[in-house]
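K.L.:
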Amino acid sequence: MAIRELCIQTLEKFAEEEPSQIKNPDSLPPSNADVDSVYHTLRRLFAGKAGKGFGKLHMQAEHTVVGPWIKEWYEGKIPFASMTKNALGAIKERLDPVPLVTQSYLMWVHDQQGEARNLFLFIIESSVTQAITSDLTLEPIEHLDPQGMSFGIRLELGPLFDPANAENKEDAVTVYLQKSMRKLGEAACHAFGFASLVDTAKQTEAMLTGIERFTEQLDAKTAAQFKKKAVEFCHDQEKMGEAVELDELSLSLDEQQPERFARFVRENLPDTPTTMRPDSRKLKQLVRFAGRGHGVSLSFSSDVINESIIYDDSKDTLIITDIPKALKAQLKRYLSQQGEGSESDGEEG
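Positions 986 to 1334 (our numbering) are the ones given, in order, by the sequence shown.
1. Check whether the Cβ atoms of residue 1076 and residue 1173 sit closer than 7 Å, and answer yes or no.
2. Ignore the nearest five residues each way along the sequence and tell me which others in residue 1295's own chain have a CB closer than 6 Å to its CB.
3. Residue 1084 and residue 1001 - do their beta-carbons sit closer together than 7 Å?
4. Kindly indicate which residue of 1276, 1060 and 1233 has the alpha-carbon position closest to the one of residue 1146.
5. Rounded to whole angstroms, what's the CA-CA distance from residue 1132 to residue 1110? Just pull it up for me.
6. Can you tell me where the alpha helix (DSSP H) holding residue 1236 begins and where it ends?
7. For residue 1191, which residues of its own chain have a beta-carbon under 6 Å away from its beta-carbon, when the five flanking residues on both sides are left out?
8. Should the region 1003-1021 be called in touch with the region 1036-1045, which here means at least 3 C-beta pairs below 8 Å?
9. Among 1107, 1307 and 1087, whose alpha-carbon lies nearest the alpha-carbon of residue 1026?
10. State the CB to CB distance for the pair residue 1031 and residue 1137, rounded to an integer number of angstroms; the pair is presumed to be in contact (CB under 8 Å).
11. Skipping 5 residues on each side, what residues in its chain have a beta carbon closer than 8 Å to that of residue 1228?
12. I'd like to know if residue 1101 contacts chain B, where contact means its C-beta is closer than 7 Å to some C-beta of that chain.
13. With a cut-off of 8 Å on the beta carbons, I'd call residue 1119 and residue 1169 a contact; round off their distance for me.
14. Between residue 994 and residue 1009, which are expected to be in contact by the criterion C-beta below 8 Å, what is the C-beta distance as a whole number of angstroms?
15. By a C-beta neighbour count over all protein chains shown, 10 Å radius and 16 as the cutoff for buried, is residue 1335 buried or exposed?
16. If we count the other Cβ atoms within 10 Å of its Cβ and call it buried at 16 or more, is residue 1050 buried or exposed?
17. On the CB-based measure, 16 or more other CB atoms within 10 Å of its CB, does residue 1281 come out buried or exposed?
18. Hey, how far is the Cα of residue 1021 from the Cα of residue 1042?
19. Would you mind stating whether residue 1098 and residue 997 have Cβ atoms separated by less than 7 Å?
20. Which runs of the beta strand (DSSP E), 3 residues or longer, sit entirely within the region 1007-1050?
21. Nearest to residue 1254 by alpha carbon, out of 1198, 1224, 1175 and 1057?
22. Taking the alpha helix (DSSP H) that residue 1252 falls in, what are its first and last residues?
23. Below 7 Å CB to CB, which residues in the same chain sit around residue 1079 once its five sequence neighbours on both sides are set aside?
24. Using a Cβ-Cβ cut-off of 7 Å (strictly less than) and excluding sequence neighbours within five positions of residue 987, which residues of its own chain qualify?
25. Can you name, in chain order, every residue of its own chain whose Cβ lies under 7 Å from the Cβ of residue 1247, other than the five neighbours on each side?
26. What is the DSSP secondary structure of residue 1175, reduced to helix, strand or coil?
27. In whole angstroms, give me the CA-to-CA distance for residue 989 and residue 1102.
28. Below 8 Å on the Cβ atoms is my guess for residue 1126 versus residue 1073; work out the distance and round it to an integer in Å.
29. Between residue 1056 and the rest of its own chain, which residues show a CB-CB distance below 8 Å, the 5 nearest in sequence each way excluded?
30. Give the secondary structure of residue 1116 by DSSP, where H, G and I count as helix, E and B as strand, and everything else as coil.
31. On the criterion of 16 or more Cβ atoms from any shown chain inside 10 Å, does residue 1160 qualify as buried, or is it exposed?
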């Protein structure tokens, strides 16, 4: 994986009612080991983010969008610096009327691995830390913190712009928006002309249904192991930023009969897509139970059902037979204190 082109910009908005301020570099910086390290960290964090959106770019819109500029750059008609400068201007245009305060860096990366070319944009909120100066005083220093990523977008350039790959366009663009800075992310999405085409909720439900239906024919222990492996595979694919292929999932679940699960899904649930991007957070309900209410919060693995966790539906009761050590110690300490308090009250009476 090699960085072919790189651009770093700033985007600042010091008051909600004020327009944003932008800064473009005089020249594009060269890539080096430090840049590679930051980029790989950002890319890894981006790939591991849950709840990403998948879709494509609108190439025509009532207002200026970034898509056509990216296409011109991809076709060699304009330089990388011009494309990124125009794109930042479009983001500023969308952000100016938004009531938001931000001090952000934008990092554009064009990378290539083999024939695959990708364009990334990461927007990262600036962070301030304290450094000790030569005269032993503290001085605030602004720095780039990858954990402060508020927006990220990945464009798979070949599937997005090559006519021969037109059938793959529905998920050629991946977008992440941080909840606390969602307005900034939405402004960037509007500037790009991003259109979400993949219904991850529907695909997650399809995956849940397929796994639940298939495991009905298995014994409880085998079913629990099967569900756990399925969730782990989907989670690993999501962390790598890759879709879940039904045949690959089937192979990972049963190497002895690699087509068994895929064949079951195709025969019994023919509308299930063969390529999916399920939300691994929601798939966890296959292997974990959780709930809260009336001062109680519980979470436990499905592996312990009918072992250390017993649910009696007729009496609406839940019995825990193997209490975690930390919880047990807290209970003993609390009950001991309560007992001592009761004895003191009795002596005073």
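Positions of the beta carbon are idealized from the N, C-alpha and C atoms, including for glycine. Since we're looking at a predicted model, the values are computed, not measured.
P.N.:
The short version:
1. Residue numbering aside, residue 1076 sits at position 91 when the sequence shown is read from its first letter. Residue numbering aside, residue 1173 sits at position 188 when the sequence shown is read from its first letter. For residue 1076 and residue 1173, yes; Cβs fall inside 7 Å.
2. Taking the first residue of the sequence shown as 1, we reach residue 1295 at position 310. These residues qualify, in order along the chain: 1304.
3. Stepping through the sequence shown from its first residue, residue 1001 is reached at position 16. Stepping through the sequence shown from its first residue, residue 1084 is reached at position 99. Yes, the Cβ-Cβ distance between residue 1001 and residue 1084 is below 7 Å.
4. For the purposes of this step, residue 1146 is taken as residue 161 along the sequence shown, with counting starting at 1. For residue 1146, the nearest C-alpha among the options comes from 1060.
5. Counting from 1 along the sequence shown, the entry for residue 1132 is found at position 147. Counting from 1 along the sequence shown, the entry for residue 1110 is found at position 125. C-alpha separation (whole angstroms): 9 Å.
6. As a first step, residue 1236 is located in the sequence shown; it is residue number 251 there, counting from the start. Run containing residue 1236: 1231-1238, per the alpha helix (DSSP H) assignment.
7. Here residue 1191 refers to the residue found at position 206 when the sequence shown is read from its first residue. The residues are 1257.
8. Of all C-beta pairs linking the region 1003-1021 to the region 1036-1045, fewer than three are shorter than 8 Å, placing the two stretches out of contact.
9. In the sequence shown, counting from the first residue as 1, residue 1026 sits at position 41. Measuring from the Cα of residue 1026, the nearest candidate turns out to be 1107.
10. The sequence position of residue 1031 within the sequence shown is 46, counting from 1. The sequence position of residue 1137 within the sequence shown is 152, counting from 1. The pair is a contact, with the Cβ atoms about 4 Å apart (cut-off 8 Å).
11. Looking up residue 1228 in the sequence shown gives position 243. So the qualifying residues of the chain are 1156, 1222, 1260, 1261 and 1262.
12. This model lacks chain B altogether, as it is built from one protein chain only.
13. Stepping through the sequence shown from its first residue, residue 1119 is reached at position 134. Stepping through the sequence shown from its first residue, residue 1169 is reached at position 184. The pair is not a contact, with the Cβ atoms about 37 Å apart (cut-off 8 Å).
14. By 1-based counting over the sequence shown, the position of residue 994 is 9. By 1-based counting over the sequence shown, the position of residue 1009 is 24. About 6 Å; that satisfies the 8 Å criterion.
15. The first residue shown for the chain is 986 and the last is 1334, placing residue 1335 beyond what the model contains.
16. The residue you call residue 1050 lines up with position 65 of the sequence shown. So residue 1050 counts as buried.
17. In the sequence shown, residue 1281 corresponds to position 296, counting from 1. Residue 1281 comes out exposed.
18. Here residue 1021 refers to the residue found at position 36 of the sequence shown. Here residue 1042 refers to the residue found at position 57 of the sequence shown. Between residue 1021 and residue 1042, the C-alpha separation is close to 27 Å.
19. By one-based count along the sequence shown, residue 1098 stands at place 113. By one-based count along the sequence shown, residue 997 stands at place 12. It is not a contact, given that the beta carbons lie outside the stated cut-off.
20. 1038-1042
21. Working through the sequence shown from its first residue, we reach residue 1254 at position 269. Measuring from the Cα of residue 1254, the nearest candidate turns out to be 1198.
22. Taking the sequence shown and counting its residues from 1, one reaches residue 1252 at position 267. Segment 1245-1253, the alpha helix (DSSP H) holding residue 1252.
23. Position 94 of the sequence shown, counted from the start, is the residue given in the question as residue 1079. So the qualifying residues of the chain are 1172, 1175 and 1176.
24. In the sequence shown, counting from the first residue as 1, residue 987 sits at position 2. Excluding sequence neighbours, residue 987 sits near 1096 and 1097.
25. The count along the sequence shown starts at 1 and reaches residue 1247 at position 262. Here the set comprises 1231, 1232 and 1235.
26. Here residue 1175 is taken as the residue at index 190 of the sequence shown, counted from 1. Three-state DSSP puts residue 1175 in a helix.
27. Walking along the sequence shown from the start, residue 989 turns up at place 4. Walking along the sequence shown from the start, residue 1102 turns up at place 117. Using only the alpha carbons, I get a separation of about 9 Å.
28. Numbered from its first residue, the sequence shown carries residue 1126 at position 141. Numbered from its first residue, the sequence shown carries residue 1073 at position 88. For a cut-off of 8 Å, the C-beta gap from residue 1126 to residue 1073 is around 25 Å, too long to register as a contact.
29. On the sequence shown, position 71 is the one that residue 1056 refers to. Cβ neighbours of residue 1056 beyond the five flanking positions: 1044 and 1146.
30. Locating residue 1116 in the sequence shown gives position 131, counting from the first residue. It is a strand residue.
31. To locate residue 1160, count along the sequence shown from 1; it is residue 175. When all chains shown are included, residue 1160 counts as buried.
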